[in-house]
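Asks: Just dropping this structure here.
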Amino acid sequence: MTDPANESERDAKARRGRNIALALGLLLFVVLVFLVTIVRLGANVLDRPL
Amino acid sequence: MSMTSTLSQARAPATWQDYVRLLKPRVMSLVIFTAFTGMIAADAPIHPLLGAVAILCIAVGAGASAALNMWYDADIDAKMRRTRSRPVPAGRVQGSDALALGVVLSLLSVLFMAVAVNWLAAGLLAFTIFFYAVVYTMWLKRSTAQNIVIGGLAGALPPAIGWAAAAGSAPLDAWLLVAIIFFWTPPHFWALSLYTSEDYEKAGVPMLPVVAGAAATRKQIFLYSLLLVPLCLAPVLTGLGGALYLAVSALGGAVFLVLAWRVLRSKAGDAPKVRNDDGLYDVKAGAKDARNLFAFSILYLTLLFASILAERLVQLPGLA
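Here it is as structure tokens:
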């Protein structure tokens, strides 16, 4: 792995691109898990003993 | 390839696009199409978001098995013109990174499918990934000329996964769609291998033209086509396909048989192998018949599935 302190501009650009893609992928996954949870719970969330 | 260009390629940093390439996006798009057809053909109510998640899981699972394939087959890929620029053999992505990506995405896609959709769809997805990455890639591909016949099951399963995701079950009609892709794969792939067999030979992959010769391959292509065309008519009998499907499968099937017959009568695969390009389609004149069958096979399968989709989505009348 390239040392970030000594990497070339090309390497840094590629690394930044990979990190942004990974961040977007993780964000999409988190949003999907949230939405799926809401859909799967559906109206049941209101129909529980309090 | 010169030493200089090899070294400069080895030093090239991996971009995010290289990791996307590991997932074979073009294959992924075919998987999405057939899985979506299975899901719509199931005619079962599924929440649109859960349906989209199911398709996403199937696509990611297919991508994961492609990444595992690229990790394991880097040695073969490096020897073949068609595959040597892939990220791992080109040195842009390390094999261990491709392996890690494949394992992580396999687990994520199967578990998310289980949690969000249902366990049957998740189980079928897990089996598909296992079958492609382990049974086909690690075992069959290097050991038998029947590699793509048996291994084709992995590529055939997505409609059943899509069906199971929507309906929670996989009835006969779902397996008919699987069978159509299963029997379509050998003539489709062998037609391609008739004019790329020098690559497989160089890489030591026992594809049928390499092991049994071009004439035996042409015969097998025709025999599988004879099985495929009547099979493609079967959905009409079960009610899965309507009038549009009948027309497409009958007319397309007739064209398929004519093209397969021409391949049988041709010298495809026999002619001297001279080619200086990296393309799949620009081939020597002797292989024109094989190229035509290869190209039409893609169109035929696409039209078959598209007609089932159209009949469901536009509510076209059935034959019953």
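If you read the sequences in order, they're chains D and F. Quick note on this note's numbering: the first sequence kicks off at 148 and runs consecutively. Quick note on this note's numbering: the second sequence kicks off at 2 and runs consecutively. A virtual CB, placed ideally from N, CA and C, is assigned to each residue, including glycine. None of the values given here were measured: they were computed from a predicted structure.
#1: Apply the 10 Å Cβ neighbour rule to Ala255(F) and answer buried if 16 or more other Cβ atoms are within range, or exposed otherwise.
#2: Are Ala192(F) and Val118(F) close, meaning C-beta to C-beta below 8 Å?
#3: With a cut-off of 8 Å, does the C-beta of Pro187(F) fall near any C-beta of chain D?
#4: Which stretch, first to last residue, makes up the alpha helix (DSSP H) that contains Leu24(F)?
#5: In whole angstroms, give me the CA-to-CA distance for Val315(F) and Val32(F).
#6: For chain D, find out if any of its Cβ atoms is closer than 8 Å to the Cβ of Leu50(F); answer yes or no.
#7: Any contact between the stretch 55-67 of chain F and the stretch 143-154 of chain F? By contact I mean 3 or more CB pairs, one from each, below 8 Å.
#8: Measuring alpha carbon to alpha carbon, tell me which residue in Tyr73(F), Val116(F), Pro90(F) is nearest Gly103(F).
#9: Examine chain F for any beta-carbon lying closer than 8 Å to the beta-carbon of Val178(D), and answer yes or no.
#10: Is the stretch 75-84 of chain F touching the stretch 181-201 of chain F, taking contact as three or more C-beta pairs under 8 Å?
#11: Determine the chain D residues that contact Val54(F) at a beta-carbon separation under 7 Å, and present them in chain order.
#12: Name the residue from Ile162(F), Gly156(F), Gly205(F) whose alpha carbon lies nearest to the alpha carbon of Val136(F).
#13: If you pair each beta-carbon of the stretch 245-264 of chain F with each one of the stretch 303-314 of chain F, do three or more pairs fall below 8 Å?
#14: What is the rounded straight-line gap between the Cα of Ile130(F) and the Cα of Leu112(F)?
#15: Is the Cβ-Cβ distance between Ala161(D) and Ala101(F) less than 8 Å?
#16: For the stretch 110-124 of chain F, which residues have a CB atom closer than 7 Å to at least one CB atom of chain D, in sequence order?
#17: Go through its chain and collect everything with a Cβ distance to Thr239(F)'s Cβ below 7 Å, but skip five positions before and after it.
#18: Could you tell me which chain D residues have their CB closer than 9 Å to the CB of Trp17(F), listed as they occur along the chain?
#19: Just how far apart, CA to CA, sit Tyr133(F) and His48(F)?
#20: Taking only the alpha-carbon atoms, compute the straight-line gap between Ala180(F) and Leu224(F) and give it to the nearest angstrom.
#21: Quick one: which unbroken alpha helix (DSSP H) runs of 4-plus residues sit fully inside the stretch 60-134 of chain F? Chain order, please.
#22: Please report the residue range of the alpha helix (DSSP H) in which Val230(F) lies.
#23: Locate the alpha helix (DSSP H) running through Lys268(F), then write down its first and last residues.
#24: Counting only Cβ-Cβ distances shorter than 7 Å, please list the residues of the stretch 230-257 of chain F near chain D, keeping chain order.
#25: Nearest by alpha-carbon distance to Leu125(F): which of Lys268(F), Met40(F), Ser30(F), Pro159(F) is it?
#26: Assuming Glu156(D) is part of the alpha helix (DSSP H), what are its boundary residues?
#27: Flag Asp194(D) as yes if its beta-carbon sits less than 8 Å from any beta-carbon of chain F, otherwise no.
#28: Using a Cβ-Cβ cut-off of 6 Å (strictly less than) and excluding sequence neighbours within five positions of Glu154(D), which residues of its own chain qualify?
#29: Among residues of its own chain, excluding the 5 on either side of Leu230(F), which ones have a beta-carbon nearer than 7 Å to its beta-carbon?
Replies: On the basis of the data shown:
#1: Position 254 of the second sequence, counting from 1, holds the residue named residue 255(F). It counts as exposed.
#2: Locating residue 192(F) in the second sequence gives position 191, counting from the first residue. Locating residue 118(F) in the second sequence gives position 117, counting from the first residue. Contact: no.
#3: The residue given as residue 187(F) occupies position 186 in the second sequence. Pro187(F) does not count as touching chain D.
#4: On the second sequence, position 23 is the one that residue 24(F) refers to. Unbroken run through Leu24(F): none, as it is neither H nor E.
#5: As a position in the second sequence, residue 315(F) is number 314, starting the count at 1. As a position in the second sequence, residue 32(F) is number 31, starting the count at 1. Going from the Cα of Val315(F) to the Cα of Val32(F) covers about 22 Å.
#6: Residue numbering aside, residue 50(F) sits at position 49 when the second sequence is read from its first letter. It does: the Cβ of Leu50(F) has a partner Cβ on chain D nearer than 8 Å.
#7: no
#8: In the second sequence, the residue the question calls residue 103(F) occupies position 102. Per the Cα distances, Tyr73(F).
#9: For the purposes of this step, residue 178(D) is identified with residue 31 of the first sequence, where counting begins at 1. Output row for Val178(D): interface = no.
#10: yes
#11: Counted from its first residue, the second sequence places residue 54(F) at position 53. Under the 7 Å cutoff, chain D gives Leu179, Val183.
#12: Stepping through the second sequence from its first residue, residue 136(F) is reached at position 135. When only C-alpha atoms are compared, the closest one is Gly156(F).
#13: yes
#14: Working through the second sequence from its first residue, we reach residue 130(F) at position 129. Working through the second sequence from its first residue, we reach residue 112(F) at position 111. If I take the Cα positions, the gap works out to 13 Å.
#15: Taking the first residue of the first sequence as 1, we reach residue 161(D) at position 14. Taking the first residue of the second sequence as 1, we reach residue 101(F) at position 100. Going by C-beta atoms, Ala161(D) is not nearer than 8 Å to Ala101(F).
#16: Ala117
#17: Along the second sequence, one-based indexing puts residue 239(F) at 238. Around Thr239(F): Leu173, Asp174, Leu177.
#18: The residue labelled residue 17(F) in the question sits at position 16 within the second sequence. Those within 9 Å of Trp17(F) in chain D are Ala161, Gly164, Arg165, Asn166, Ile167, Ala168, Leu169.
#19: Counted from its first residue, the second sequence places residue 133(F) at position 132. Counted from its first residue, the second sequence places residue 48(F) at position 47. Distance between the alpha carbons of Tyr133(F) and His48(F) is about 29 Å.
#20: Position 179 of the second sequence, counted from the first residue, corresponds to residue 180(F). Position 223 of the second sequence, counted from the first residue, corresponds to residue 224(F). Approximately 16 Å, taken between the alpha carbons.
#21: 75-80, 96-117, 120-131
#22: As a working mapping, residue 230(F) is identified with position 229 in the second sequence. Residues 215-239.
#23: If you number the second sequence from 1, residue 268(F) lands on position 267. Where Lys268(F) is concerned, there is no enclosing alpha helix (DSSP H), given that its DSSP letter is neither H nor E.
#24: none
#25: Taking the first residue of the second sequence as 1, we reach residue 125(F) at position 124. Closest option to Leu125(F), Cα to Cα, is Pro159(F).
#26: Translated into the one-based positions of the first sequence, residue 156(D) becomes position 9. Start and end: 156-188.
#27: The count along the first sequence starts at 1 and reaches residue 194(D) at position 47. It does not; no Cβ of chain F falls within 8 Å.
#28: In the first sequence, the residue the question calls residue 154(D) occupies position 7. Once the five neighbours on either side are set aside, Glu154(D) has no close Cβ partner at all.
#29: Translated into positions along the second sequence, residue 230(F) becomes position 229. Checking the sequence shown, residue 230(F) turns out to be Val, not Leu. Closer than 7 Å at the Cβ level, and outside the excluded window around Val230(F), lie Gly254, Phe257, Leu258.
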